[in-house]
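Notes to accompany the following structure.
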Amino acid sequence: MKGDLLSSQKKSGNKGLPLIERRWFPYTILIILLASLYLTSAYNYLLFHSLAEVFGMAISFTIAAVVLSTRRSIENNYLLVLGMSYLFTAVIEMLHMLGYKGMGIFEGGSNLPTQLWLAFRYIQAITLLIAPLTIGRKIPWKLLITSYAAVTSILIITIFLGIFPTAHVDPTGLTPFKVISEYVIIGIATIGGILLFLKRSHFDRYILRLLMIAVAMFILAELMFTLYISVYSSINMLGHIFMLAEFFLVFMAIVHTGVSEPTRLIYRELSKREKIFRGLVENARDILFQYELIPELKLTYISPAVEEFTGYSAEELCNNPAKILPADHPMGEWIREESGNLEDDWTMGTYRFPHKDGGKIWLQAGMVKVYNDEGKASRVIGISRDVTELMKSFEQLQITQDRLQLLGHLTSHDLSNHITVALCYLELAMDSEDESEKNDYLVKGLNSMDDMIALIESTGKYFELGEVPLTWMDLNEAINLGISSLDLHDINIDLDVLDIEIYADGLLLQVFYNLFQNTMIHGTGAKNIRVWTDMKDDKLVLIYEDDGPGVSAKDKDSIFEFVHNSRSGHGLHFVAEALAISGMKIDETGEYGKGIRFEIEVPVDVYRFKDMLDDTINTLDSSLTCTRDSILQAK
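One gets the working numbering by counting positions in the sequence shown from 1 and adding 819 to each.
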């Protein structure tokens, strides 16, 4: 893949890149430097040699420094071993330059620098042989570095102690040892080049080309050093030129592999990942955001999804960060804390957020603090999710649970009442000697039992469905059906209600049953019950009154409360809860001593007039009839 990329760059000629980044630029600089060095040799060969060696040492130390600093990013052991060897050969090369004939630093004439040169090139040639063998293997770096240091030290010591064989004799020139050594070095380097070629699958095509040419330059340089007689000859100068070219090619291979290519790959990978994560963030269904806390609270980023859920654009919220987390919200307080312990480093919560159109949505936000080097919370990153539908489901589930719980209590309460009534009628029937009266009691007892069966069946459906179904119910019929099992012969009942329907459920019948039964049980001396309707603005008010003692002022606020561990006092609580299912509410507004007065407020969308419904049906029927007649005439 890297080879294809490099090939495509080469084919394109690196068009569009700055001059310094183009492939051919460093080689052009090399040619200019080598040409300049050549010109200095015409002026002063010692100057040429010194500059060439300084240039070579600079490249060698740079290669070693690059390898040591980028060894974790260079996976190829060949380059690591080769680069590391330059650290030690540069030391010998420096001594070679200082000991060169004419420098006047060391004694020994031309032999000392020639011996140092052989030591220097032997190490490099053996490195070219060893390096391919390390590819794909684990290298004992400490042992390898120690070995290089030991060999380098031994060679330097033997040379300066006069133990190393003579390599050059003035004025005859090179000794047989020197010439043979050069050919041995050439042979070792050639074998190293062959091994490198055999391992070519481990190298990028461009890097392999650089290294193979570097080996060729190494061999050419050594050939030049087998032919010269004087250390100041042009053949010697040409050998140094080939050597510098070799060093530069190795430098380019290592820098490209250890620095340029990894850096380019890192930036390319970063760019790729940035695109991926930006795409994930900007296309996510959740809202991602970031706050800066220092020097002041500032919303620095919020994903575009926020507009879909809130109606506000990202720009609007960034300009007004208080909108996304109001100051009085618990998370708003958390986000403004300057410090916190580990338990305060993150938070999660659900809150209502104003929609731009005036509505409200539910958001669930999770946030975490990010600390700077000084240990202060400097940023907050978080994610918000629209949980409006989920909260509605929870609310509906809670309502359903409350309704079913209410239904269970109401069923138990009303069944107990019906059973008590049935038993009372049975006892009266058993004690009565009048057949007509006995039959009347038995019929009433059976009616109470029928009510029990109907109650059990209706509540069973509610529990099976998991909810209380609503339907339009005639108000007059609901009242009459609700009180049909009660013995109200001694009470005068006045029903004066409008001809309307109520959108409610079967519990509405139990509401009226409990209201009338409440009068029978607690309305001592009550002889009259009146149920009538009134209008307040667009709301319907259903009023229930009796002429009993009524409710004292201290009990008005508690008569609708549920009394635990009590067998009485549940009826009115169930009435209030059952009415709330349909959105209705009940209040006691009577005057104590003059009777009870319950006002049931019915919202506008929970009732409808039957005559208006009939008129609508008649209008629709007339319209359909006219339409049908028109069609028949047209035919």
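Yeah, the Cβ is synthetic: ideal placement off N, Cα and C, and Gly gets one too. A quick note: this is a predicted structure, and the numbers were derived from the prediction, not measured.
Check, Outcome
"Whole-Å CB distance - F1044 paired with E1001, under 8 Å assumed", "6 Å"
"For D1259, three-class secondary structure by DSSP", "helix"
"Y941 versus V1003: straight-line alpha-carbon distance, rounded", "9 Å"
"Pick from P995, Y897, I973 that is closest to I949, judged by C-alpha positions", "Y897"
"N-terminal and C-terminal residue of the beta strand (DSSP E) that V1360 is part of", "1358-1365"
"Cβ-based burial, W936 [other Cβ within 10 Å; buried from 16]", "buried"
"Coarse secondary structure for N1347, derived from DSSP in three states", "strand"
"DSSP three-state assignment for G1201, whether helix, strand or coil", "strand"
"N1311 - partner residues in DSSP beta bridges", "N1347"
"Endpoints, the alpha helix (DSSP H) within which G1058 is located", "1053-1074"
"Given R1097 as reference, the closest of M1071, E1115, Q1215, A1124 once Cα atoms are compared", "A1124"
"Beta-carbon proximity check, I780 vs F1331, cutoff 7 Å", "Look at the range of the chain in this structure, 820 to 1454, and you will see that residue 780 is not part of it."
"Selected residue, minimal CA-CA separation from D1270, among K997, L1247, L1305, G1011", "L1305"
"For H987, the three-state DSSP class (helix, strand or coil)", "strand"
"E926 (DSSP reduced to helix, strand or coil)", "coil"
"Contact check, V1206 vs W1181, beta carbons under 7 Å", "yes"
"C-alpha distance - S1235 paired with A1241, whole-angstrom precision", "10 Å"
"Segment limits, alpha helix (DSSP H) that includes I976", "960-979"
"C-alpha gap between I1005 and R1092, whole angstroms", "48 Å"
"Contacting residues, own chain, Cβ-Cβ under 6 Å from F1070 (five flanking each side not counted)", "I878, I882"
"Separation of M1339 from L1245, as counted between CA atoms", "19 Å"
"Whole-angstrom distance between S1203 and M1167, CA atom to CA atom", "10 Å"
"CB contact flag (H868, N930, <7 Å)", "no"
"Beta-carbon spacing of L917, I924 below 7 Å", "yes"
"Straight-line Cα distance separating L870 from G928", "20 Å"
"Distance CB(D1164)-CB(K1195) smaller than 7 Å", "no"
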